[in-house]
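Residue numbers (the working numbering), protein chains in the order written: chain V, 1 to 1118; chain F, 1119 to 1885. Notes to accompany the following structure.
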């Protein structure tokens, strides 16, 4: 109950938080204490539940693993069946993760079952064993115990079960069984548990009750308000509740988990279930929050299949780590026992991204995420969910690494968890969600705080009967202008709060007044300039013809605003090789006029009138021009190109037209012609792994930075399409796009037949997407923290303003915060991101996003409210920037160290005391190692032999503006089995982990990472499948490297093609399909993306890395 | 005397040569005492209907330093088939082709009537004529329209194989590519940046890429026309295209804000035109025709800034050294002009604007290259339209009256040396034995380049007698001069015109009368005027006037008959009688007086003065005044205010203006409409007569004169009043007291006063 109460108001949270720590401890290390319910279990259970709990909170992931092992032992017997019911997947995950790690001292006794792998032992040796994602280790002990004590199992089981992953592989099965049993049985026990807990129990109930509780939970006052306006139904405090729930749950965790579990039907893994219930509740409440992980687990579990698969995993294991142990795979199944554990770590026992994702999807994907409550962790980016804006910005706009910020910089330093927000100010929303309302405050412009200039937002406090308001950022008291005055109701809220988006929503827009415009003049509509390389290479590949043909129709789809009949955007055309050709396409002309500017050293725009035109007015001339361009240059022999002058020209053109705009550059080769920005080929692979490697990422000349600066000043955004046949120095060419908020697209060895679709699709998207121009973004924060660092595609001329010549819905800015003072737990931390931009119709606007975060004095709260995906986004960007200045090795080391510190801090401060040999991961961060490993193995940080310098530079800059979802899939690709699920099922098949072990040679898989798309065909795929997909009679007849699937009229073909289309639709760039046959030479390429495996370039496998990480942590702890 | 006049006239008709002295003083000392230098006006391409060109190469003297052309003055030994050079006395064998010659079978060049002969030689590839239009687009709409029409019209006047090119400029400079279908293509240059010829050629893609050398070898011949062909195309191929292009020509689109001049990149445009031709067609006949409607306002060669409130430089500014852009601009255009001259191209300037257009700075372009300079108020006037049309007038053979890339070589017999030339030419810096160290005009060379020539182009060539007093020339000795003009005829043929003349030597002491009688005062006046104008370009105006006065006084002292200190006794012989009057008018002429003229106008007048033939030059110095009245047939009258009578119609031709002035009474009559009454038809005829005569003049003259029709009291009567000798002014009106004439409100001295002073000074022993 307390919780609930506490929950709504911030402080309550605090309390819960305090609880959390408790939980954690209990769950992880502290279990004993937490275990309250069954002391004996407690110990074990404690841990387990703790995991579970943790997991629910976000910790969920961890728990599974940790829990798993124990669970496995105990549960296994009971219940796979149960798992089956729930979600098999989970089981596997759970077990796997935990299992491997465990090599507990204890393990020996029991441990054997858990099964640290022998090989690992070396690494883990000490005890490393129970890596348990969460606190793997604990498990073992727990496991055994649990196993020992029948009752224990259930709770633990629950805890573990879900986490199952932990459940040492060995245990997994049994565990599953156990789970099953537990679940069923558990429910009650849980309840009991709750009872024990007392306090917690109430909480639990609350969640279940969801609606009922929620209201209260949701901070009473707010809730109503929030819900009222927005969503009658859910509003309830769901959100608040949820949090409370979470909160509460965590605390209860150890024990409570059980209890919680009970609440729900206790399903399977206590944790999961618990979580699920919790989640569900939460979801109802609108929360459904982050805790997701656990739920996720739950979901996986459900997948009985997972279990089924488990057996599989074991198999893979053997191959993987050969060790003698491997041999008895069957036995393994039966008896996860110790022996195995000893020998190696079971990949299935370590935290599984897939599991986590699935759990979150299942638990939080069904209910809308309501943003009314401060500091809630949103669902994972991989989960489909709707957002209801009730005062905080949607996670589509802002995601934070942590939703609970340490109050002091000391804490923050101790934890080493970066405080960062990933902001996507113009993010596209699903059709179900309304785009931000536009508020017009008339001539006086948006209402702002006089001191800090923050914009009016829901957090501003109106006082003195509404005559004044206190700024929520700087506490300055401001007068309310007469025309804005409104009375307050009895709660101190303005009566019109719900009529005004800026008082009730997290995101909204203001119409800017002329004061916000350049030169105090309203901007003219922006322009698009297409600048086409017409050198020999471009002509030869057919690019120019293709492009011109496409442009003819594409120009009808320029972005327009609202219901505008035609786009306000004007277009212009330039072609170039060593010189530039401008075109006058004025509507009054009978034919276009070409103007050649050869003075590339001193670029200028040769014409004013007729260069930028309205498409409809000049259509005939434009069409004629586009018809003629390929003809005019058909016989060109010019191979040299210029580059900087082209951008310069575009920029000058916009300057002359006094508007902002975007340049679309289509470029083929290294600009070696004599001109400013001339480049030389400096590609030198010998530099790799040396201190000089960084120069490969640095621009060759400073000229481009200066140019970019001018572009930014003019609001000239540059999108670059590259079609290189060889080295083009992407690192240098991408400088301008990078600094102007543009995009770079690269099509190596472009051939019309093969790359046409990809290019055109990207081009269409790029041209059609809504863009803001000439933008300035500023992030304001509550006193106590401040934005110190920014990552993304933009330019900064001072330390606070992010200047974006152009900004589209795909571009993300990652902002890092640091403390400069103490934060107040009560008032939390507020972020306000204000983006001033020119819309594509030429309207000047301000888009405001507000987000309230919690503050904590306990580290555990921090760890419980983290989002690993966001963390990885930040860390990758930071590392990718680091390579510009430091040797790559140093960057990698920094990453590893930081990660180890984060985890060690957790272990030291939040986890219950346990053997040093145990790897204990926070639930919310249990995927940190696997993801981090992916970052470390990425082409930029550890290039393989086949990766070109250009590719690395390209990826480097690409990642810089990726959002969380993109980095997530980019670093950990999705691997979807196509033939496992029944053909009829329309849903996307559940992904499998990116490891070769998961591939069955009788199946077909689809792998995507947001840039690439592979269709992997196993060597022994059924002939029928081959026939129906490829229209050839046998595997051997399939063309390796095929880029297109034949259009066949059969369910499988339709389904696969449909799936491919839907995958492509999810990504901002078109993914070209490559069909890879097993054992084919192309498979090397494919394997590169199996990120859990050891990579050819020396990247560690997941397991190895986890062991390494464990070692690092232990070093830090010792 | 009559004989001398005839002789002079005959010589002029036959050879296009007028000498200041037709009998030459035989020693250097005597010659310098003659005051007026031994010099001639040469019209190298004087149109001669009776001179069919011969289709073979001239025969040259074999002495390498001489290379004079065989001419009627050579002694020929028909039997030995030898001829003696009359300049160096080298004996030369006739070439094999001449084996058949004999006294009765002479080649043309030996016949006396062929002292001027023209050879057609087959040398080098014949390149079609090239016309490169450089068009200012910062014009008023109707001006531009008129200009476009004129240009389009001109296409029809060009020979079909002539190459044309188009460059337009305003704020930017556009070089139009003419060969493309479906899209009009142009190369654009910034108007503010000076580019070297190489840069221009690189940017226009005229330099062949170094790479494809090997493979280009065989393709070389095709390559060349292709490359340049983009900008210069035969008229017959692209006249439709170009007509359309011209038709679509728009005013410079860059906005011109209130109080600003349009940005006009004339300097760069010319530079590019020069660079283009330099790279593609060096040493072939080409005209760069610049049409501009205002002063260059940016970039190299800018003459004035774009702020309207700062007016373009005036003479006053120049004297005060306040013309901040002038020197730099002049340097720019001089550089261009010299480059153009080296390449044998010429630059025309057609400047039509109410204000100045920077002709002062740009004058060297036409001056050094033999191009035209035309100044008008608007392109939409008949003055421009007809002048422009006249450029393309054809001779009786249907060829343009223009020639290109000429070199004029002068050879003299050893008693003479060449001091210099004044005219539309540049020195080729060919030193030789016959080059004097004393320079008059452009000297120090025996060869000049005249990039553009027409049948009236006339050079003043100055000589120095170097024969020493102590080595007398035998009685009856003759000095000879040979002018060899090699040029590209407008039919693209290479031609050589050779004129050889000889004059008698006379001992100035014993035969002064002969020399005196053979004085050509008209030629002398023009030649002295050219010297004066040439000096005026570089010296202060008053200095030049003082120099002229001193020369005149010295001449009068030398040749006048007078008693010392007795002005009244002063007489001049007939052959000198007009000379002081010419000098009087020259002193008042716009060539030496800048008052009331803008720098541009001065440049314009001087330009034409330096290239017109003797007759036209004289008109410029002393305008002609005709009178029409009921008292008799039209007659020339004194250029004097006393000629302005109420019952007369006056027609004045100043070369640059044709003024028809109706006397007071005539004007009243006309106002009363008598001319429309049948009974006063004679009045109508009287009114019509000067119009017809004016028309006749207008028809023939290039450039078209400004045609002014005014009457007594009309504001434009000032053109007349400023020219006539102010014999009656407000100062002496009552002294003269007659009702004749019209008083001129001026403080200028009249001819009478001038003569009085002259006499006084001439007879004075002090000077």
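Don't be surprised by glycine CBs; every beta carbon is placed ideally from N, CA and C.
- Query: For residue 1252 of chain F, which residues in chain V fall below 9 angstroms Cβ to Cβ?
  - Reply: Here the premise fails: no neighbours, minimum Cβ distance about 17 angstroms.
- Have a look at V/514, V/1066, V/797 and flag the residue whose alpha-carbon is nearest the alpha-carbon of residue 778 of chain V. V/797
- Task: Can you have a look at residue 607 of chain V and say buried or exposed, based on whether 16 or more other CB atoms are within 10 angstroms of its CB?
- Result: buried
- Message: Counting beta carbon pairs with one atom in the segment 547–567 of chain V and one in the segment 647–658 of chain V, are three or more of them shorter than 8 angstroms?
- Response: No contact exists between the segment 647–658 of chain V and the segment 547–567 of chain V.
- Task: Might you give, ordered along the chain, the residues of its own chain that have their beta carbon closer than 8 angstroms to the beta carbon of residue 1645 of chain F, omitting 5 neighbours on each side?
- Result: Once the five neighbours on either side are set aside, the close Cβ partners of residue 1645 of chain F are 1138, 1154, 1155, 1157, 1158, 1159, 1578, 1580.
- Query: Under a CB-based cut-off of 9 angstroms, is residue 1453 of chain F close to chain V?
  - Reply: no
- Query: Do you know how far the Cα of residue 1678 of chain F is from the Cα of residue 1794 of chain F?
  - Reply: 54 angstroms
- Pull up the CB-CB distance for residue 468 of chain V and residue 479 of chain V, whole angstroms please, since I reckon it's below 8 angstroms. 6 angstroms
- Query: Should residue 1376 of chain F go down as buried or exposed, given a rule of 16 or more other Cβ atoms within 10 Å for buried?
  - Reply: exposed
- List the residues of chain V whose Cβ lies closer than 9 angstroms to the Cβ of residue 1303 of chain F, in chain order. Close partners of residue 1303 of chain F in chain V (Cβ separation under 9 angstroms): 581, 593, 594, 595, 596, 632.
- Query: Counting Cβ pairs closer than 8 angstroms, one from the segment 967–985 of chain V and one from the segment 908–926 of chain V, do we hit at least three?
  - Reply: no
- Message: Would residue 677 of chain V pass as an interface residue toward chain F - the criterion being a Cβ-Cβ separation below 9 angstroms?
- Response: no
- Please name the residue or residues paired with residue 1847 of chain F in a DSSP beta bridge. F/1862
- Message: Tell me which residues share the same chain as residue 1130 of chain V and place their Cβ nearer than 7 angstroms to its Cβ, disregarding the 5 neighbours each side in the sequence.
- Response: Outside the shown range of chain V, which is 1 to 1118, sits residue 1130 of chain V, and nothing can be said about it.
- Contact set for residue 594 of chain V: own chain, Cβ-Cβ below 7 angstroms, skip 5 residues either direction: 581, 583
- Task: List the residues of chain V that residue 1311 of chain F touches, going by C-beta distances under 8 angstroms, in chain order.
- Result: 599, 602
- Task: Give a yes or no on whether the minimum CB-CB distance between residue 1136 of chain F and chain V is below 9 angstroms.
- Result: False, the Cβ-Cβ gap to chain V never drops below 9 angstroms.
- Item | Beta-carbon proximity check, residue 1146 of chain F vs residue 1587 of chain F, cutoff 9 angstroms | yes
- Query: Can you find at least 3 beta carbon pairs, one from the segment 1037–1054 of chain V and one from the segment 1103–1117 of chain V, that sit closer than 8 angstroms?
  - Reply: no
- Message: For the beta strand (DSSP E) containing residue 1546 of chain F, name the first residue and the last one.
- Response: Careful: residue 1546 of chain F lies outside any beta strand (DSSP E) and carries neither H nor E.
- Query: Candidates V/447, V/1069, V/539, V/553: which alpha carbon is nearest residue 724 of chain V's?
  - Reply: V/539
- Sequence-distant residues of its chain with Cβ nearer than 7 angstroms to residue 1351 of chain F (five each side left out): 1281, 1282, 1296, 1297
- Query: According to DSSP, what are the bridge partners of residue 662 of chain V?
  - Reply: DSSP output for residue 662 of chain V lists V/528, V/717 as bridge partner(s).
- Message: For a contact defined as C-beta to C-beta under 8 angstroms, what are the partners of residue 1371 of chain F on chain V?
- Response: 607, 608, 609, 610
- Query: Can you name, in chain order, every residue of its own chain whose Cβ lies under 6 angstroms from the Cβ of residue 1028 of chain V, other than the five neighbours on each side?
  - Reply: Same-chain partners within the cutoff: 1050, 1052, 1053.
- Task: Report yes or no: is there a C-beta of chain F within less than 9 angstroms of the C-beta of residue 524 of chain V?
- Result: no
- Task: Check each residue of the segment 1413–1428 of chain F: if its Cβ is closer than 7 angstroms to any Cβ of chain V, include it; give the result in chain order.
- Result: none
- Check whether the Cβ atoms of residue 1070 of chain V and residue 757 of chain V lie closer than 9 angstroms to each other. yes
- Excluding five sequence neighbours on each side, which residues of the same chain lie with their C-beta closer than 6 angstroms to the C-beta of residue 1531 of chain F? 1205, 1597, 1598
- Can you find a CB in chain V that lies within less than 9 angstroms of the CB of residue 1306 of chain F? yes
- Close beta carbons around residue 1552 of chain F, own chain, < 8 angstroms, minus the five adjacent residues each side: 1528, 1529, 1530, 1532, 1534, 1535, 1536, 1564
- Count the CB pairs spanning the segment 1505–1524 of chain F and the segment 1729–1740 of chain F that are closer than 8 angstroms, and state whether there are at least three. no
- Query: Can you tell me whether residue 1748 of chain F is buried or exposed, with buried defined as 16 or more other CB within 10 angstroms of its CB?
  - Reply: exposed
- Assigned secondary structure, residue 575 of chain V (DSSP; H/G/I helix, E/B strand, else coil): strand
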